[in-house]
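Numbering (the numbering used here), first residue to last: 8 to 262. Ideal placement from N, C-alpha and C gives every residue a C-beta, glycine not left out. Remarks on the structure that follows.
Pasting the structure below:
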């Protein structure tokens with residue numbers, strides 16, 4: 008819908024020589040490994056779905072996000088936008104700030120208008136949310152290790168608290184550290200609007216989102232409070248270049 012990854016010396020000498028010779032022929036013994044690659048960081052790929060329960064084109068994309076949420080190499084987040092609330096069904100999960108996030112992506116990625124369902128991958132590419140092959144190709148493009156990405160880890164030092172640890176890395180500018188909470192899957196029976204009569208399943212519905220720190224390439228540790236508005240499913244932290252640029256690192260923690 009449109010609207011916007013020893014040699015053991017001993018025994019008989021001849022026997023050892025034979026063993027070593029066979030190993031060398033087979034390419035098993037490595038005498039000199041040479042210089043080793045620098046440490047790289049593997050981070051899950053963030054996939055953001057902008058959707059609405061009032062959009063009849065969105066259920067296939069929402070079903071796709073349910074599948075993506077099961078993958079260990081993906082952090083799947085579902086943002087419900089508010090601009091379809093007027094056509095018969097008010098989405099209970101919609102927030103204007105999520106509409107604004109999508110609008111900012113449209114500008115940053117050179118899009119022409121807002122639309123649903125839209126998926127944004129790694130903050131760098133966008134696609135129609137129901138186009139599985141296109142989205143999967145994009146995920147593959149951004150998967151693997153990134154030598155410039157900082158190491159990011161999350162832990163819970165105490166009840167109601169979350170500790171964010173970010174290692175040093177290369178930062179070509181300022182980055183926002185964004186804290187997101189999301190719910191366990193919801194099942195909604197829609198009684199009005201374009202999806203009237205449909206039972207919708209929504210996974211990882213975002214319930215809160217806030218910037219909690221800035222990152223400029225230096226190591227950073229921060230403890231934040233997980234308030235009552237947090238979702239009941241889990242949380243994610245994204246390190247994203249300012250003004251809705253690339254997401255260079257992300258991590259999630261289930262509640």
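Exercise. DSSP puts residue 57 in a beta bridge; with which residues?
Worked result: In DSSP, residue 57 forms a bridge with 86, 125.
Exercise. CB-CB under 7 Å to residue 94, same chain, minus the five flanking residues each way: which ones, in chain order?
Worked result: Taken in chain order, the residues that qualify are 61, 200, 201.
Exercise. Got a sec, what are the start and stop residues for the beta strand (DSSP E) residue 182 sits in?
Worked result: Residue range 182-189 is occupied by the beta strand (DSSP E) that includes residue 182.
For this session: Determine the contact status of residue 113 and residue 128, defining contact as a CB-CB distance below 8 Å.
Result: Judged by beta-carbon spacing, residue 128 lies beyond the 8 Å limit of residue 113, meaning their Cβ atoms are not closer than that value.
For this session: Using beta-carbon positions only, say whether residue 250 and residue 115 come within less than 8 Å of one another.
Result: With a cutoff of 8 Å on beta-carbon distance, residue 250 and residue 115 are scored as near each other.
For this session: In angstroms with no decimal places, state the Cα-to-Cα distance between residue 90 and residue 150.
Result: Spanning the two alpha carbons is a distance of roughly 32 Å.
Exercise. Leaving out the 5 sequence neighbours to the left and right, which residues in its chain are closer than 8 Å to residue 79 when beta-carbon positions are compared?
Worked result: If we look at residue 79 and ignore the five residues flanking it on each side, its Cβ neighbours are 51.
Exercise. Helix or strand or just coil, what does DSSP make of residue 143?
Worked result: When DSSP states are grouped into helix, strand and coil, residue 143 belongs to the helix group.
Exercise. Could you give the distance in angstroms between the alpha-carbon of residue 276 and the alpha-carbon of residue 154?
Worked result: Lying outside 8 to 262, the shown extent of the chain, residue 276 is not represented and no answer is given.
Exercise. Is residue 111 helix, strand or coil by DSSP?
Worked result: DSSP places residue 111 in helix when its eight states are reduced to three.
Exercise. Can you tell which of 157, 123, 207, 203 has the C-alpha that lies nearest to the C-alpha of residue 175?
Worked result: Comparing Cα positions, the closest option is 157.
Exercise. With a CB to CB cut of under 8 Å and the five nearest residues on each side skipped, what residues in its chain are close to residue 118?
Worked result: Once the five neighbours on either side are set aside, the close Cβ partners of residue 118 are 112, 133.
Problem set entry | Distance, residue 257 Cα to residue 180 Cα | One C-alpha to the other measures close to 18 Å.
Exercise. Residue 74 lies in the alpha helix (DSSP H); which residues open and close that run?
Worked result: Segment 66-75, the alpha helix (DSSP H) holding residue 74.
Problem set entry | residue 252 versus residue 110: straight-line alpha-carbon distance, rounded | So the two alpha carbons sit approximately 13 Å from each other.
Exercise. Which word fits residue 123, buried or exposed, when buried means at least 16 other C-beta atoms lie within 10 angstroms of its C-beta?
Worked result: Per the 10 Å Cβ criterion, buried.
Exercise. Once you ignore the five residues that flank residue 59 on each side, which residues in its own chain have a CB closer than 7 Å to its CB?
Worked result: Closer than 7 Å at the Cβ level, and outside the excluded window around residue 59, lie 65, 87, 88, 91, 98, 101, 123.
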